[in-house]
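Engineer: For reference, the structure I am asking about is given below.
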Amino acid sequence: MPHRLQIEAKFSLVSGLHITGEQGKLWTDKALVVSWGDGKTPVVPATTIKGWLRESAERLLRGWGQQVCDSSRPSEICGTCLVCEVFGAPRRRSALRFSDAELHEGMTDVRMNVSLSRRRKAAYEERLFSTEVAWQKRLTVHIEGWFTSLAEAQRTAALLYLAANAGFALGAARSRGLGWLKLEAFTVNVDSEKLPKEDLIAQSKALVSWTRSSA
Ligand SMILES: [Zn+2]
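Under numbering that gives the first Met the number 0, the first residue of the sequence shown is numbered 0, with each subsequent residue one higher.
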């Protein structure tokens, strides 16, 4: 029987957040992504959350001496490493499903930035652009997955927990000081039963020593 993994990760946001949407907005160059449902609630898309956790997992595993591929170079995604196993690859579907995170309780505003031409640093090529920013205290992320073995479900939860803890800033404007977040709570359910925190920590430690010994 397949095992169902459900994760809820709660982050507190230390700064504002910006994920560039496709929808244009009058007077704003870079508008936020908004919910399909109501067309106005800002969201962090599932793909952004997945990409962010993947990048964090890659960085961690590389630090432990594991060979993992670099998802920032899509042509080099290997399909066989632990990161590909958890997050998927072109010919390998991930067992996980990430949901969009809606930013309900916050407010948004627009900040101005200056873009500098990288080629010629001439002042006349500077240009002002506006970025819409969501200010919000909390971000809740939901992840779900199905696994054939209990051990695999728990190992995946442990990797996601470590990645969520170690993640840098989220979103396109992170180089401008936006998107900083901190993990506050990480709840794991396997087959609708809560995995005790001690077990999650034990699983995480086991994963770290397993990767180190197999590096
Ligand atoms: Zn890979």
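Cβ atoms here follow ideal geometry from the backbone N, Cα and C, with glycine treated the same way.
All figures in this text were calculated on a predicted structure; none of them were measured in a lab.
How big is the Cα-Cα spacing for P41 and I48?
Structural biologist: In the sequence shown, residue 41 corresponds to position 42, counting from 1. In the sequence shown, residue 48 corresponds to position 49, counting from 1. Rounded to whole angstroms, P41 to I48 spans 14 Å at the Cα level.
Engineer: With distance defined between alpha-carbon atoms, name the residue in R92, D28, T210 nearest to F128.
Structural biologist: Here residue 128 refers to the residue found at position 129 when the sequence shown is read from its first residue. Selected option, being the one with the closest Cα: D28.
Engineer: When you compare only the Cα positions, how much space is there between M106 and A100?
Structural biologist: Locating residue 106 in the sequence shown gives position 107, where the first residue counts as 1. Locating residue 100 in the sequence shown gives position 101, where the first residue counts as 1. Those two C-alpha atoms are separated by around 15 Å.
Engineer: Taking 8 Å as the cut-off, does the segment 126 to 146 touch the segment 57 to 73 (at least 3 CB pairs, one atom from each stretch)?
Structural biologist: No, the segment 57 to 73 is not in contact with the segment 126 to 146.
Engineer: Any heavy atom of ligand 1 closer than 8 Å to the beta-carbon of T79?
Structural biologist: Within the sequence shown, the letter at position 80 stands for residue 79. Because some heavy atom of ligand 1 lies under 8 Å away, the Cβ of T79 counts as near it: yes.
Engineer: My assumption, with CB atoms under 8 Å, is that R137 sits in contact with S11. Please give the rounded CB distance.
Structural biologist: Within the sequence shown, numbered from 1, the residue matching residue 137 stands at position 138. Within the sequence shown, numbered from 1, the residue matching residue 11 stands at position 12. Sure, about 6 Å apart at Cβ, within 8 Å.
Engineer: Taking 8 Å as the line, does the beta carbon of T56 fall inside it for any heavy atom of ligand 1?
Structural biologist: Stepping through the sequence shown from its first residue, residue 56 is reached at position 57. The sequence given here has Ala at residue 56, not Thr. Answer for A56: no, Cβ out of range of ligand 1.
Engineer: Assuming V207 and L4 make a contact with CB atoms under 8 Å, what is their CB distance in whole Å?
Structural biologist: In the sequence shown, residue 207 corresponds to position 208, counting from 1. In the sequence shown, residue 4 corresponds to position 5, counting from 1. That belief does not hold up - the Cβ atoms of V207 and L4 are roughly 20 Å apart, past 8 Å.
Engineer: Just the Cα atoms here: how many angstroms apart are R211 and R154?
Structural biologist: Position 212 of the sequence shown, counted from the first residue, corresponds to residue 211. Position 155 of the sequence shown, counted from the first residue, corresponds to residue 154. Cα-Cα distance, rounded: 15 Å.
Engineer: Using only the alpha-carbon positions, how far apart do G178 and T186 sit?
Structural biologist: To locate residue 178, count along the sequence shown from 1; it is residue 179. To locate residue 186, count along the sequence shown from 1; it is residue 187. G178 and T186: Cα-Cα distance of roughly 22 Å.
Engineer: Find the nearest neighbour of S191 within the set R92, E143, I200, judged by alpha-carbon distance.
Structural biologist: By 1-based counting over the sequence shown, the position of residue 191 is 192. Of R92, E143, I200, the residue nearest in Cα terms is E143.
Engineer: When you measure from the CB of A133 to every non-hydrogen atom of ligand 1, does any distance come out below 8 Å?
Structural biologist: As a first step, residue 133 is located in the sequence shown; it is residue number 134 there, counting from the start. Answer for A133: no, Cβ out of range of ligand 1.
Engineer: Among I18, H17, L159, whose alpha-carbon lies nearest the alpha-carbon of E84?
Structural biologist: Numbered from 1 along the sequence shown, position 85 holds the residue referred to as residue 84. E84 has its Cα closest to that of L159, out of I18, H17, L159.
Engineer: What span of residues does the beta strand (DSSP E) with S213 cover, start to end?
Structural biologist: Sequence index remark: in the sequence shown, residue 213 carries index 214 (1-based). Here S213 belongs to no beta strand (DSSP E), and DSSP marks it neither H nor E.
Engineer: Does DSSP put E104 in a helix, a strand or coil?
Structural biologist: Numbered from 1 along the sequence shown, position 105 holds the residue referred to as residue 104. Coil.
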